[in-house]
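Accompanying notes for the structure given below.
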Amino acid sequence: MFYREAGQFKTSYKADQAIFPILQDRVGLGLIIVLALLVPLFGSDFLINSFMIPFLIFALASIGLNILTGYCGQLSLGTGAFMGVGAYSCYKLATIFPEVNILVHILLSGFFAAGIGCIFGLPSLRIKGLYLAITTLAAQFFLEWCFIRIPWLYNYNDSGAIEVPTRTLLGTPITGPSSTPSVRYYVILALIIFLAWIASNLIRGRIGRSWMMIRDMDIAAELMGIKPLNAKLSAFAVSSYFCGVAGALMVFMWLGAAEVESFSINVSFQVLFMVIIGGMGSLIGCFLGAAFIFGLPIFVRALPDQIGVAINASTVDHISRMVIGALIIFFLIVEPHGFARLWQIVKEKLRNWPFPYG
Amino acid sequence: MELLQQIFIEPFVLIADIPDLFVQTIWEGFVSGILYALIALGFVLIFKASGVFNFAQGIMVVFAALALVSLHTKFGVPAWIALLMVIGIMGLLAMGIERIVLRPLVGQPDAILLMATIGLTLFLQGAGETIFGGEPQSMITEELGLPTGATDWEVLGGRVTFQHIDVAAIVIAGLMVAGLALFFSKTRIGRALRAVADDHQAALSVGISLNQIWVIVWFAAGIVALVTGIMWGARSDVSFALEVIALKALAVLILGGFTSIPGAIVGGLIIGIGEKVFEVYWGGIFGGGTEAWFAYVLALIFLLFRPQGLFGEKIIERV
Chain A
1 MFYREAGQFK TSYKADQAIF PILQDRVGLG LIIVLALLVP LFGSDFLINS
51 FMIPFLIFAL ASIGLNILTG YCGQLSLGTG AFMGVGAYSC YKLATIFPEV
101 NILVHILLSG FFAAGIGCIF GLPSLRIKGL YLAITTLAAQ FFLEWCFIRI
151 PWLYNYNDSG AIEVPTRTLL GTPITGPSST PSVRYYVILA LIIFLAWIAS
201 NLIRGRIGRS WMMIRDMDIA AELMGIKPLN AKLSAFAVSS YFCGVAGALM
251 VFMWLGAAEV ESFSINVSFQ VLFMVIIGGM GSLIGCFLGA AFIFGLPIFV
301 RALPDQIGVA INASTVDHIS RMVIGALIIF FLIVEPHGFA RLWQIVKEKL
351 RNWPFPYG
Chain B
1 MELLQQIFIE PFVLIADIPD LFVQTIWEGF VSGILYALIA LGFVLIFKAS
51 GVFNFAQGIM VVFAALALVS LHTKFGVPAW IALLMVIGIM GLLAMGIERI
101 VLRPLVGQPD AILLMATIGL TLFLQGAGET IFGGEPQSMI TEELGLPTGA
151 TDWEVLGGRV TFQHIDVAAI VIAGLMVAGL ALFFSKTRIG RALRAVADDH
201 QAALSVGISL NQIWVIVWFA AGIVALVTGI MWGARSDVSF ALEVIALKAL
251 AVLILGGFTS IPGAIVGGLI IGIGEKVFEV YWGGIFGGGT EAWFAYVLAL
301 IFLLFRPQGL FGEKIIERV
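Chain order of the listed sequences is A and B.
With the first letter of the first sequence counted as 1, position 224 gets the number 224 in the numbering used here; the numbers rise by one all the way through.
With the first letter of the second sequence counted as 1, position 291 gets the number 291 in the numbering used here; the numbers rise by one all the way through.
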């Protein structure tokens with residue numbers, strides 16, 4: 001009833017291949033974008049800085065990992081390190097070429113991550129599944145070590161941390177301490193919309209279909225003329241590109257300064273949780289998963305204050321970790337296919353309403 | 001040229017010059033290798049019987065050790081009774097995990113089960129911190145009757161120090177592995193476990209209860225975790241930092257194969273000795289701290305040539 005494709009005829013090949021062929025999708029997406037644009041008008045700086053900005057950044061990283069894990073079927077635990085590669089290369093680019101716009105650097109830094117991702121993706125040509133996941137741990141720990149032991153990466157400063165310089169876009173500071181959260185939010189929002197659009201087109205296209213063929217059955221895909229080498233390495237490259245850009249955004253637009261701990265194995269797990277809870281092989285799932293996994297700890301920590309129970313901070317931290325672990329298990333049991341599946345069910349219900357079956 | 005000399009000549013000259021340092025290094029590596037092997041053993045037990053890649057093994061080690069120490073120091077339970085109580089706790093934990101986590105998730109893809117064990121890791125971490133506190137604590141070595149102190153031996157014209165607790169660790173680990181091997185090969189439950197590991201459906205059809213077997217393997221893994229926790233806690237402190245070290249057991253698994261107990265032990269020794277020797281003799285070239293990644297990079301290179309591991313029973317899915 002509310003979500004019906006019936007009556008929406010396509011009269012040209014172009015209309016048939018459009019990215020959102022259904023009117024309701026276009027309207028819904030338009031509404032979401034308008035709402036997203038309105039957030040800074042109503043939300044406080046706290047909301048923007050500690051939820052909206054990281055949520056968008058982690059959604060981008062989840063898109064990156066989802067391309068690799070959800071669409072190409074290669075499990076990876078090295079996301080945090082690939083984000084780190086993006087962040088450190090963006091930092092180096094910004095110090096070597098200070099006159100070039102920072103957005104160009106952020107988009108370029110993804111290519112360094114893509115290169116490193118390709119190198120650590122090589123084992124995927126011989127192994128898959130959990131074995132591959134462990135080899136990506138090699139990427140995680142080796143790169144973390146590089147971030148500490150190669151002082152050139154952080155310009156030989158004593159703290160070992162990378163500090164973000166102030167850079168402007170059209171005269172407005174968008175990075176560094178003097179930039180306002182709203183400005184940074186709009187810049188990130190624009191970048192995320194652009195990159196999500198690219199990702200969705202990549203997935204719909206020839207290359208994305210070759211990833212899915214490899215995921216579903218690699219031998220059949222090979223017999224049908226897909227080269228596993230090209231498909232897998234391109235998945236690693238594209239995935240690492242998105243992760244790298246997310247890492248650069250995380251440091252330049254959110255944290256402001258970062259050390260190696262910002263890219264630890266816990267970040268890898270966090271992003272993997274987002275992908276799995278959100279739904280493997282679904283772009284909307286990345287956003288839902290990121291909102292859930294990033295929002296949940298904030299919510300759980302804020303809860304005792306809201307209901308007026310005074311518990312000291314470290315206890316809240318411990319209990320929240322416990323609750324999050326339990327909730328993750330709960331969600332995996334209730335809906336192993338993630339929020340994307342729930343969203344599909346909702347769409348189906350909307351289509352059939354008021355009848356139970358279509 | 002100088003680099004080549006640093007890599008191929010100087011370390012060996014050093015080994016020949018100071019042989020006792022070399023023996024000491026190997027011994028240290030051997031002991032930590034045994035501990036890696038014990039963690040890997042816990043993984044292998046569970047993976048064999050249920051196909052679950054148990055990421056929570058590392059935190060189970062910490063959890064068991066923390067429970068033991070806290071029961072003794074905070075609640076004043078005598079050490080041996082505390083030990084028995086922790087064994088009971090691990091049993092309850094195994095039952096709870098089987099009932100609440102594994103049973104509803106039977107037949108889900110590997111990645112989902114892996115995620116569930118990572119969720120379990122977070123839960124146990126939070127629970128351990130809430131109940132026992134997050135601060136590092138020292139292991140109650142003496143109360144448990146474990147030896148302390150060290151002996152110096154004359155070896156090759158130098159002195160090599162052997163910590164008594166390390167010797168005890170190796171003896172206990174050896175006894176435990178022998179016990180497990182006997183359990184697997186001689187008892188009725190052990191045979192059922194092996195049947196399940198070979199073929200789930202065939203095992204079900206001859207009347208073996210999968211749920212019961214899973215409880216038993218998780219319990220066995222819990223006992224292994226407890227022993228590992230005691231040994232590791234005696235060498236350093238009992239703290240949550242141990243969990244990161246436990247990740248190295250994953251690299252051990254790659255070397256040894258996911259389903260092989262001898263593989264876990266040999267893999268553990270290779271990684272333990274390899275990383276110590278590499279750090280002492282070659283680490284300087286890389287600026288030190290190579291222990292953080294040596295195990296994983298070794299596993300990565302190893303995988304390219306022998307993906308099924310040293311003793312892997314079957315060739316893993318190759319592309």
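Even for Gly, the Cβ is constructed at its ideal location relative to N, Cα and C.
On a predicted model such as this, the values are computed, not experimentally measured, just so you know.
For residue i, is the classification buried or exposed, using 16 other Cβ atoms within 10 angstroms of its Cβ as the cut-off for buried?
i	result
Trp-353 of chain A	exposed
Gln-24 of chain B	buried
Met-1 of chain B	exposed
Glu-129 of chain B	buried
Lys-128 of chain A	buried
Trp-153 of chain B	exposed
Pro-356 of chain A	exposed
Asn-254 of chain A	A small fix is needed here, since residue 254 of chain A is Trp in this sequence, not Asn. So Trp-254 of chain A ends up on the buried side.
Ala-150 of chain B	exposed
Gly-80 of chain A	buried
Ile-307 of chain A	exposed
Trp-152 of chain A	exposed
Val-62 of chain B	buried
Met-322 of chain A	buried
Glu-135 of chain B	exposed
Phe-22 of chain B	buried
Contact defined as beta carbons within less than 8 Å: I believe residue i pairs with residue j. What is the distance between those atoms, to the nearest angstrom?
i	j	result
Thr-228 of chain B	Leu-92 of chain B	Going by Cβ atoms, the distance from Thr-228 of chain B to Leu-92 of chain B rounds to 19 Å, so no, they are not a contact pair.
Gly-285 of chain A	Ala-235 of chain A	Not really, about 17 Å apart at Cβ, beyond 8 Å.
Pro-297 of chain A	Ile-324 of chain A	6 Å
Lys-14 of chain A	Pro-21 of chain A	Not quite, the Cβ-Cβ distance comes to about 10 Å (not below 8 Å), so this is no contact.
Thr-69 of chain A	Met-280 of chain A	6 Å
Trp-282 of chain B	Ile-7 of chain B	7 Å
Starting from the C-beta of residue i, find all residues in its chain whose C-beta is less than 6 Å away, skip the five residues before and the five after it, and write them out in chain order.
i	result
Ala-291 of chain A	Phe-55
Gln-137 of chain B	Val-69 and Val-238
Met-224 of chain A	none
Leu-137 of chain A	Leu-77
Thr-135 of chain A	Pro-123
Phe-294 of chain B	Glu-275 and Phe-278
Ser-89 of chain A	Ser-109 and Phe-112
Beta-carbon within less than 7 Å of residue i's beta-carbon, same chain only, minus the 5 sequence neighbours each way: which residues are those?
i	result
Ala-299 of chain B	Ala-251, Ile-254 and Leu-255
Met-95 of chain B	Val-215
Met-83 of chain A	Ala-61, Cys-243, Gly-244, Ala-246, Gly-247, Met-250, Phe-263 and Val-267
Ala-79 of chain B	His-72, Ile-140, Glu-143 and Leu-144
Gln-24 of chain A	Tyr-3
DSSP state of residue i, grouped into three classes?
i	result
Trp-153 of chain B	strand
Val-344 of chain B	This structure cannot settle anything about residue 344 of chain B, because the visible part of chain B is limited to 1 through 319.
Thr-168 of chain A	strand
Glu-259 of chain A	coil
Phe-331 of chain A	helix
Gln-74 of chain A	coil
Glu-163 of chain A	strand
Pro-173 of chain A	strand
Gln-17 of chain A	coil
Ile-307 of chain A	coil
Val-86 of chain B	helix
Ile-127 of chain A	strand
Gln-8 of chain A	coil
Val-319 of chain B	Because the pLDDT at Val-319 of chain B is just 48, under 50, the model does not fix this residue reliably, and the value given afterwards should be weighed accordingly. If DSSP states are grouped into helix, strand and coil, Val-319 of chain B belongs with coil.
Gln-344 of chain A	helix
Val-206 of chain B	coil
When the distance is taken between beta carbons, is residue j closer than 8 Å to residue i?
i	j	result
Ile-214 of chain A	Ala-199 of chain A	no
Gly-268 of chain B	Met-139 of chain B	no
Thr-315 of chain A	Phe-252 of chain A	no
Ile-276 of chain A	Gly-338 of chain A	yes
Gly-295 of chain A	Leu-288 of chain A	no
Ile-148 of chain A	Val-271 of chain A	no
Gly-126 of chain B	Ala-246 of chain B	no
Under 8 Å Cβ to Cβ from residue i, same chain only, skipping five residues before and after it: list those, please.
i	result
Val-39 of chain A	Leu-47, Ile-48, Met-52 and Tyr-185
Asp-317 of chain A	Arg-301
Leu-132 of chain A	Gln-74, Leu-75, Ser-76, Pro-123 and Ser-124
Val-394 of chain B	This structure cannot settle anything about residue 394 of chain B, because the visible part of chain B is limited to 1 through 319.
Ala-237 of chain A	Ala-114, Gly-115, Gly-117, Cys-118 and Gly-121
Phe-55 of chain B	Leu-114, Thr-117, Ile-118, Leu-120 and Thr-121
Any chance the CB of residue i is under 7 Å from a heavy atom of the ligand FMN?
i	result
Ala-150 of chain B	With respect to the ligand FMN, the structure offers nothing, as it holds no ligand at all.
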